[in-house]
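Okay, structure first, notes after.
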Amino acid sequence: MREIAGDILYVDLSERRAWREPVLHEDILNFLGGRGLNAHLLWKLTGPDTDPLGPDNPLIFGAGLLSGTEVPCSGRTTVTCRSPATRWYLKTSGGGHWGGELKFAGIGHLVITGRADHPVYLWIDDGRVEFRDARPIWGKDVRETDLSVKKDVGDEDIQVAAIGPAGERLVKFAGIMFSVYNTAGRGGAGAVMGAKNLKAVAVRGTGALRAAQPARFHEAAVECREALLAESGGEGLARYGTAGSVEAVNELRAWASYNFRRSRDEDVYPLSGQYLVERGYLKRRVACLACVFGCHRYTELTRGEFAGCYTGGPELETLGSFGSGCGVSDTEAVIKANELCNILGMDTISCGSVIAWTMECYEKGLVSARDLDGLDLRWGDAKAVIEMVRRIAYREGFGDVLAEGVRAAARQVGGDSYRWAVEAKGLEQSRVDTRSAKAYALAFAVNPRGADHLHTETFAEFGLSPEGRALIARITGDEKYADPCMVEKRAEIVRWHEDCFAVTDALGLCAFSSTALYGVTPARMAELFSAATGHEISEEEIMRAGRRIVTLEKCFNVRAGAVRADDCLPWRLMHEHTPDRPDPDAINAPEELDRMLDEYYSLHGWDLETSWPTSETLESLGLGDVARRLAAAGKLR
Amino acid sequence: MNYVVVGVSAAGLSALRAIRELDPHGDVTVVDEETRPAYSRVLLTHYIAGRVGERDLFLVEEEFYRRCGVRALLGVRATGLDPDGRQVHLADGRVLGYDRLLVATGARAVVPAWSPPGGAGDRGGGGETGETGVTGLRTREDAVRIRKAALAGRPVLIVGGGPVGVKLACALRELGVIPTLLVGSPRILSQVADREASLILERHLARCGVRVRCGVEVREVARGPHGTEGVVLSDGSVLPGRLVVVCKGVEPRTELVGGHVAVRRGVLVSGAMRTSVPDIYAAGDVAECPDIWGEGTRVSAIWPHASRQGRVAGTNMAGGRDLFDGVLPRNAMDVLGTPFVSMGVLDAPAEGGWRSVSRRRGDSYLRLVIRGDSVVGAVLVGCVRLAGPIQAAIRRGGRGWEEVVAP
Amino acid sequence: MEKFLVVYPDLCTGCRLCEAACSYRHEGVYSPSLSRVRVVKFEDRCLSVPVVCNYCEQPPCEASCPTGAMSAAPDGRYALVREDRCIGCKECVNVCPLGAVRMHPRTGVAVRCDLCRGDPECVKVCTAGALRYEPLEAAVREKRRARAASLNPV
Amino acid sequence: MLSIGVDPTRCTRCRRCEAVCEMAHGGDGRGLQSRVRIRDSGWPLISICRHCESAPCADACVSGAIRTDPLEGTVQVDAARCVGCWSCVMECPFAAVTMADVAGRGPRASKCDGCREWGFPLCVRYCPTGALRAGAGAGETSGRVRREHAARLALLPGRGTWPALRGRAGGGTPA
């Protein structure tokens with residue numbers, strides 16, 4: 015089992031100490047690896063009052079259990095810590111090749127605590143740790159950092175995870191960049207890294223991963239690959255990337271435009287994946303480790319105002335947040351903003367959101383041109399958007415306010431601005447207008463890190479693909495529930511998806527392979543796990559492990575003080591209709607959300623009043639220890 | 111896994127290391143007649159010459175076996191084998207079970223008929239020189255005895271003009287003794303050198319003060335009141351000397367496995383060092399191996415082969431996979447300042463596409479034996495710098511030798 | 032028909048499944064450092080290029096090998112490394128103009144592509160079509176068509 | 003792990019390597035002590051130790067004088083242990099081991115030590131044409147060459163008209 019899981023490497027930056035511990039057999043069986051084991055480690059290493067930007071907040075990198083193997087789409091790395099943006103639980107996941115390299119170095123999980131007394135970067139050479147001076151590269155952007163570290167180490171084939179200037183300046187939505195353009199973006203993990211004075215983690219791994227039952231594992235992996243390649247949505251994803259569905263989402267009226275004032279944009283073609291291809295912006299498709307699709311993009315601008323710009327992306331979310339979200343339809347400007355976010359090390363969703371919010375404030379007079387140092391931040395002004403991105407990263411002028419996230423900014427600006435601060439739990443909502451997608455709404459509300467789709471991706475509810483409709487039928491008993499406007503059965507749909515998503519994350523697989531495309535089923539994941547570890551696990555058991563992970567994450571928030579009222583959606587989505595969907599249901603009305611939450615908590619066996627998991631629920635999931643800790647804190651009913 | 115290694119010299123030792131590398135926890139027992147840890151036989155002449163001290167003869171320190179976690183039964187001879195019961199019988203009555211057995215019993219010196227009993231004895235040496243004045247050169251004791259005698263200024267007669275005899279002659283000469291080399295063949299080094307090289311070296315030896323007598327047969331040892339006084343040659347003449355060293359070559363010690371596994375001159379093994387019986391391996395001087403041309407099998411009693419074969423055997427015994435690429439007979443020595451190297455096939459038959467190419471400048475001599483367009487053997491005297499590249503050419507299949515020896 | 036391992040670097044997405052497949056096939060484990068095919072990444076440009084043995088007409092690795100360890104299979108259909116002969120001198124590594132020959136980190140012998148003895152695994156997993164095992168004519172035809180299309184866009 | 007690479011096609015026989023090696027390791031007037039030798043013709047043109055992973059010279063050494071340094075990965079001679087038996091000379095395919103006279107003791111094996119006291123092989127540093135190369139290891143060397151090659155392939159002008167890298171799987175030249 016150790017051969018596939020790798021060790022846990024602990025690094026204490028304050029003491030400049032590093033040590034390895036084997037991962038416990040039972041922890042793998044309970045929490046699988048990746049996100050699951052991360053959650054377990056975070057729970058053990060923190061208390062209710064851990065300061066997100068303090069030295070005690072551990073920054074935990076967890077490569078997936080199957081990362082580094084031939085299992086398709088298995089290259090994801092989960093970063094876990096307490097979020098500086100929300101102060102709640104944070105798991106955020108990135109692609110690229112860094113996690114696999116960590117595995118090849120014999121390490122599954124990297125736990126970083128403490129704070130270095132001056133900027134350092136870690137050089138992990140096959141498990142040997144070196145603390146290297148990062149003062150010469152402090153301040154450099156991610157691209158330069160990547161090259162400098164590789165040069166410093168003397169090997170260009172290594173993998174680097176780094177933060178940019180935004181992370182150094184503790185921007186609350188700074189991300190950690192893997193392989194330059196793959197972000198663990200949401201929730202400000204980059205700021206946690208910056209607060210530790212840690213510029214980068216460079217890894218070289220020359221070891222090997224061995225499955226416990228190699229032939230069986232190989233067979234299972236081949237089966238997964240073939241199933242994924244047979245998926246109807248696969249080719250589109252490969253050809254046009256995530257942005258291939260921009261137009262479809264727009265037609266579904268789930269396309270958050272103008273800071274969620276609208277849920278449809280007039281012309282989104284320039285923001286679509288098809289446009290990127292047809293106009294030649296797309297230079298190549300890019301794949302994370304072991305991915306069979308390659309939905310990541312690489313774009314270059316060779317002409318025009320931003321000629322010379324090149325970057326990974328843009329993905330759907332980026333096109334949404336810097337594009338329609340800000341009323342921008344200039345593809346090149348979005349690409350430029352994307353490049354800036356990437357090299358400065360920021361989450362594009364949050365960054366676009368805070369700018370869109372500022373635009374609305376500016377329009378409504380709550381923020382003046384003087385506040386913005388003369389910047390005329392009108393809807394659709396692409397250049398102003400780009401300038402604002404830079405100011406946020408460097409915390410210049412009003413950028414300093416926005417760098418704290420939209421909730422804090424709204425508090426500072428005051429007035430009604432909280433109404434269009436589209437965030438929940440302090441995290442800016444991702445680009446799905448949940449007013450037109452009820453399962454998404456529920457999923458966003460219960461997401462322990464805030465309102466986005468990466469805790470639970472319930473893409474199947476749109477019923478866009480035959481596989482998705484079949485899945486809904488399997489969960490609910492009837493294909494008719496594959497309708498995003500329905501409220502019925504949303505709890506079931508969300509719960510199945512969140513279990514599945516947790517298993518997917520824990521194994522290091524990409525969510526696309528199991529919850530947007532469906533080739534990697536829970537049964538297949540159980541088979542992969544069994545063959546990889548030599549420990550037989552059934553489909554039910556692995557899904558139960560997924561629920562154990564989800565529940566433990568919930569418990570982290572409960573211990574930190576979360577109550578039912580925290581499971582909500584942004585004010586705007588709960589109180590304003592969208593003009594593009596006049597029907598009365600197209601809103602996440604509090605009553606409707608309450609109803610779904612009731613169903614959801616009941617289904618989970620959580621207390622309806624507080625939303626806290628009950629003692630029986632925790633015991634039945636084998637989380638008795640957690641129950642006792644919560645009981646001692648008075649958080650258990 | 112339970113491993114038994116009989117005989118630890120070059121082959122046994124490298125097998126031991128290979129086994130330990132792959133299987134750190136298996137049970138390993140070594141059995142050897144010597145009471146001290148393994149030493150290097152190749153170094154004996156260098157010891158006599160004073161180039162290495164007695165302690166430097168040992169390949170490993172006393173602690174070695176314990177450090178490797180190996181049970182060492184030293185000073186015991188393995189006397190019998192039961193392949194069906196997977197057991198080795200020892201002279202002291204003990205019985206060892208094994209899962210994998212390595213036979214690395216090496217070779218013993220050939221004892222000529224005229225040698226008195228107790229002289230160059232069947233352990234390849236031994237015997238009380240004070241009594242017989244005759245010894246072989248195979249063990250440490252032999253070397254100590256010869257060195258002592260030489261330092262005491264006793265005249266030494268060396269019987270045998272092979273590599274060991276010549277090396278011993280050189281070593282004694284370095285000590286200041288003037289040895290006499292008695293060679294049965296018409297020339298020295300007749301097995302490992304061609305005629306011209308032999309003559310060059312013979313003349314060089316003579317120039318350096320070694321007395322060389324070729325084409326003479328020893329009939330008996332001449333004894334007098336003070337012990338050995340010399341040897342009587344077949345023509346009746348007597349050559350005086352107080353110590354007679356017999357260097358008539360070696361033969362594989364196959365008696366342990368004889369009758370159980372296939373034996374020709376040595377124990378027949380495959381490239382993986384497996385004998386004809388499962389789980390019994392052989393390596394080193396006792397083994398008879400395919401040659402690099404895959405044309406036949408040969409016993410090759412040289413150091414590099416022994417250590418390489420030992421490693422291959424050990425690796426395969428411990429479950430790894432390795433192959434010995436075949437015997438390429440070769441020799442290198444320093445003949446009182448003149449280096450001499452020979453390798454491969456040395457005689458070129460008159461027919462069948464064989465020929466030889468030679469070059470001589472002063473006492474620097476090079477001869478290649480060519481079959482078809484491929485080099486299959488070489489002799490170098492004086493300047494041996496190209497020996498390595500020529501050997502590589504032979505191993506590669508023999509082509510490209512023209513480029514190697516280009517002037 | 033004689034088949035070639037053809038690399039279309041343009042199409043490589045850099046997923047490195049070829050490395051996983053190769054190391055699994057040859058060593059039973061997943062390890063890029065044991066893979067005969069390597070994907071070189073220029074990450075700032077999201078650029079990935081698979082590098083694998085070119086099967087040169089006059090292979091410098093074979094010419095430079097002093098022991099004959101680098102040799103073709105008896106029928107000449109694929110390349111071999113005779114591990115029993117390899118002494119680890121790294122000549123082959125140093126002369127290979129592609130960096131396609133490497134040293135096995137554990138055994139210290141050279142490794143290079145053997146085309147999986149005529150059935151390359153890397154090709155089977157390359158969904159992007161960057162690695163193909165096809166007659167040279169097929170590669171040339173595709174190249175020709177692409178050139179024609181670029182001259183006269185349809 | 004030191005690795006020294008040789009590209010004879012680039013060698014112009016300026017013999018700077020020999021001179022530098024001579025200065026670094028010999029230079030006491032007892033004749034040429036260089037551990038790298040350039041021949042006027044034949045093979046190998048450049049004789050220098052490659053520091054093999056399983057070095058035949060070390061395998062053949064009867065006195066344990068030649069060993070691989072486990073840390074640096076270099077093959078080193080301990081002249082004090084050498085008995086001058088010529089076995090290593092007979093084994094080295096690159097003719098990289100020679101015998102050098104040690105005062106009063108006769109010829110003893112001598113070969114490249116990777117200039118360990120200098121930290122970097124001087125012959126490589128002073129080779130003006132790149133006929134001698136060195137890296138921290140063969141892995142690094144092949145990695146670098148691979149990158150260079152990949153860069154050539156990838157950044158060819160007019161990317162898009164496949165610079166198809168060919169790989170042959172067949173016996174000999176197609177008829």
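From first to last, the protein sequence lines are chains G, L, W and D. The opening residue of the first sequence carries number 15 in our numbering; numbering runs sequentially from there. The opening residue of the second sequence carries number 111 in our numbering; numbering runs sequentially from there. The opening residue of the third sequence carries number 32 in our numbering; numbering runs sequentially from there. The opening residue of the fourth sequence carries number 3 in our numbering; numbering runs sequentially from there. Just so you know, even glycine gets a beta-carbon here, dropped at the ideal spot from N, CA and C. Treat the numbers as computed from the prediction; the structure is a model and nothing was measured.
Exercise for the section: Using a Cβ-Cβ cut-off of less than 9 Å, list which residues of the segment 83 to 103 of chain D approach chain L; keep chain order. Expected result: Arg83, Cys84, Val85, Gly86, Cys87, Trp88, Ser89, Cys90, Val91, Met92, Glu93, Cys94, Pro95, Phe96, Ala97, Ala98, Val99, Thr100 and Met101
Practice task
Report yes or no: is there a C-beta of chain W within less than 8 Å of the C-beta of Ala62 of chain D?
Solution key: By 1-based counting over the fourth sequence, the position of residue 62 of chain D is 60. Closer than 8 Å: no.
Handout entry: Whole runs of the alpha helix (DSSP H) within the segment 126 to 180 of chain G, excluding any shorter than 4 residues
Key = 156 to 167
Exercise for the section: Identify every run of the alpha helix (DSSP H) within the segment 81 to 123 of chain W, keeping only runs that are complete inside it and at least 4 residues long; order them along the chain. Expected result: 91 to 95
Exercise for the section: Report the residues of the segment 44 to 56 of chain D with a CB closer than 7 Å to any CB of chain L, ordered along the chain. Expected result: Gly44, Trp45 and Pro46
Practice task
In the DSSP assignment, find the unbroken beta strand (DSSP E) run with Ser484 of chain L in it and report its ends.
Solution key: Along the second sequence, one-based indexing puts residue 484 of chain L at 374. It spans Ser484 to Val491 - the beta strand (DSSP E) in which Ser484 of chain L sits, taken as one unbroken run.
Practice task
With 8 Å as the threshold, decide whether the Cβ of Ser198 of chain D is near any Cβ in chain L.
Solution key: Given a span of 3 to 177 for chain D in the structure shown, any question on residue 198 of chain D remains unanswerable.
Practice task
Identify whether Trp269 of chain G lies in helix, strand or coil by the three-state DSSP scheme.
Solution key: As a position in the first sequence, residue 269 of chain G is number 255, starting the count at 1. Note: Trp269 of chain G maps to strand in three-state DSSP.
Exercise for the section: Sort W:Ala179, W:Thr44 and W:Lys121 by Cα distance to Pro91 of chain W and report the nearest one. Expected result: Within the third sequence, the letter at position 60 stands for residue 91 of chain W. Out of W:Ala179, W:Thr44 and W:Lys121, W:Lys121 has the C-alpha closest to the C-alpha of Pro91 of chain W.
Problem - Among G:Arg651, G:Glu605 and G:Ile563, the one whose alpha carbon lies nearest that of Val577 of chain G - result: For the purposes of this step, residue 577 of chain G is identified with residue 563 of the first sequence, where counting begins at 1. Nearest C-alpha to Val577 of chain G: G:Arg651.
Handout entry: Assigned exposure category for Ala179 of chain W - 16 Cβ within 10 Å defines buried
Key = As a working note, residue 179 of chain W is residue 148 in the third sequence. That one is exposed.
Practice task
With 8 Å as the threshold, decide whether the Cβ of Arg47 of chain W is near any Cβ in chain G.
Solution key: Numbered from 1 along the third sequence, position 16 holds the residue referred to as residue 47 of chain W. Answer yes: the Cβ-Cβ gap between Arg47 of chain W and chain G drops below 8 Å somewhere.
Practice task
Scan the segment 126 to 145 of chain W for residues whose Cβ lies nearer than 8 Å to a Cβ of chain G and list them as they occur along the chain.
Solution key: Pro136
Practice task
Assign Cys49 of chain W to one of three DSSP states: helix, strand, or coil.
Solution key: As a working mapping, residue 49 of chain W is identified with position 18 in the third sequence. Residue state, collapsed to three classes: helix.
Handout entry: Distance between Glu172 of chain L and Ala428 of chain L (C-alpha atoms, nearest Å)
Key = Counting from one through the second sequence, the residue named residue 428 of chain L turns up at place 318. Counting from one through the second sequence, the residue named residue 172 of chain L turns up at place 62. If I take the Cα positions, the gap works out to 25 Å.
Problem - Alpha carbon of Arg196 of chain L to alpha carbon of Arg37 of chain D, nearest angstrom - result: Translated into the one-based positions of the second sequence, residue 196 of chain L becomes position 86. Translated into the one-based positions of the fourth sequence, residue 37 of chain D becomes position 35. Cα to Cα, Arg196 of chain L sits roughly 52 Å from Arg37 of chain D.
Exercise for the section: Could you tell me whether the Cβ atoms of Val399 of chain G and Ala351 of chain G are closer together than 8 Å? Expected result: Here residue 399 of chain G refers to the residue found at position 385 when the first sequence is read from its first residue. Here residue 351 of chain G refers to the residue found at position 337 when the first sequence is read from its first residue. Contact: yes.
Exercise for the section: Can you pull the chain D residues whose beta carbon is under 8 Å from the beta carbon of Gln501 of chain L, in chain order? Expected result: What you label residue 501 of chain L is simply residue 391 of the second sequence in a count that begins at 1. Neighbours of Gln501 of chain L on chain D, chain order: Met92, Glu93 and Pro95.
Problem - Pair within 8 Å by beta-carbon distance, Thr44 of chain W and Val236 of chain G - result: As a working mapping, residue 44 of chain W is identified with position 13 in the third sequence. As a working mapping, residue 236 of chain G is identified with position 222 in the first sequence. No, the pair does not count as a contact, with Cβ atoms beyond the cut-off.
Exercise for the section: Determine contact between the segment 154 to 166 of chain L and the segment 178 to 185 of chain L, defined as no fewer than three beta-carbon pairs at a distance below 8 Å. Expected result: no
Exercise for the section: Take Arg60 of chain W as the anchor and find which of G:Gly250, G:Ala225 and G:Arg384 has the nearest alpha-carbon. Expected result: The residue you call residue 60 of chain W lines up with position 29 of the third sequence. First, the residue type needs correcting, since residue 60 of chain W is Val and not Arg in the sequence shown. Out of G:Gly250, G:Ala225 and G:Arg384, G:Ala225 has the C-alpha closest to the C-alpha of Val60 of chain W.
Exercise for the section: With 8 Å as the threshold, decide whether the Cβ of Ser65 of chain D is near any Cβ in chain L. Expected result: Taking the first residue of the fourth sequence as position 1, residue 65 of chain D is located at position 63. Yes, Ser65 of chain D lies at the interface with chain L (some Cβ there is under 8 Å from its Cβ).
Practice task
In the DSSP assignment, find the beta strand (DSSP E) that holds Ser443 of chain L and state where it starts and stops.
Solution key: Taking the first residue of the second sequence as position 1, residue 443 of chain L is located at position 333. Here residue 443 of chain L turns out to be Met, not Ser, going by the sequence shown. Where Met443 of chain L is concerned, the enclosing beta strand (DSSP E) stretches over Arg440 to Val445.
Exercise for the section: Count the CB pairs spanning the segment 334 to 342 of chain G and the segment 147 to 166 of chain G that are closer than 8 Å, and state whether there are at least three. Expected result: no
Exercise for the section: Return no unless some Cβ of chain W is closer than 8 Å to the Cβ of His232 of chain G. Expected result: As a position in the first sequence, residue 232 of chain G is number 218, starting the count at 1. Judged by the 8 Å Cβ criterion, His232 of chain G is in contact with chain W.
Exercise for the section: Take the Cβ of Met588 of chain G as the centre, count every other Cβ of all protein chains shown within 10 Å, and call the residue buried at 16 or more, exposed below. Expected result: One-based indexing of the first sequence puts residue 588 of chain G at position 574. Buried is the call here.
Handout entry: C-beta contact flag for Leu184 of chain G and Ala205 of chain G at 8 Å
Key = In the first sequence, residue 184 of chain G corresponds to position 170, counting from 1. In the first sequence, residue 205 of chain G corresponds to position 191, counting from 1. Yes, they are a contact pair.
Handout entry: Rounded straight-line distance, which links the Cα of Ala303 of chain L to that of Leu65 of chain W
Key = Translated into positions along the third sequence, residue 65 of chain W becomes position 34. Translated into positions along the second sequence, residue 303 of chain L becomes position 193. If you take the alpha carbons of Leu65 of chain W and Ala303 of chain L, they lie about 45 Å apart.
Practice task
Count the other C-beta atoms from every protein chain shown that fall within 10 angstroms of the C-beta of Pro335 of chain L, then say buried if there are 16 or more, exposed otherwise.
Solution key: Along the second sequence, read from residue 1 onward, the residue named residue 335 of chain L stands at position 225. That one is exposed.
Handout entry: Among L:Leu315, L:Gly454 and L:Gln301, nearest to Leu523 of chain L - alpha-carbon criterion
Key = The requested residue 523 of chain L does not occur in the structure, where chain L is confined to residues 111 to 517.
Exercise for the section: Leaving aside the five residues before and after Ser79 of chain W along the sequence, list all residues of the same chain whose C-beta is less than 6 Å from its C-beta, in chain order. Expected result: Counted from its first residue, the third sequence places residue 79 of chain W at position 48. So the list reads Cys43, Gly45, Val70 and Lys72, once near-sequence residues are dropped.
Problem - Cβ-based neighbour list, Arg12 of chain D, same chain, cut-off 8 Å, excluding 5 preceding and 5 following - result: Start at 1 with the first residue of the fourth sequence, and residue 12 of chain D comes out as number 10. Correct list, in chain order: Thr131, Gly132 and Ala133.
Problem - Simplified DSSP assignment, three categories, for Arg41 of chain D - result: Indexing the fourth sequence from 1 puts residue 41 of chain D at position 39. Coil, per DSSP.
Problem - Closer than 7 Å at the beta carbon, the chain W residues around Arg506 of chain L - result: By one-based count along the second sequence, residue 506 of chain L stands at place 396. Here the neighbours are Thr98 and Gly99.
Practice task
Determine, using beta carbons only, whether Thr239 of chain L comes closer than 8 Å to chain D.
Solution key: The count along the second sequence starts at 1 and reaches residue 239 of chain L at position 129. Confidence is the limiting factor: at Thr239 of chain L the pLDDT is only 46, short of 50, which leaves the residue's position unreliable and the question unanswerable from this model.
Exercise for the section: Output yes if chain W places a C-beta closer than 8 Å to the C-beta of Leu433 of chain L; else output no. Expected result: Your numbering for residue 433 of chain L matches position 323 in the second sequence. By this cut-off, Leu433 of chain L is an interface position.
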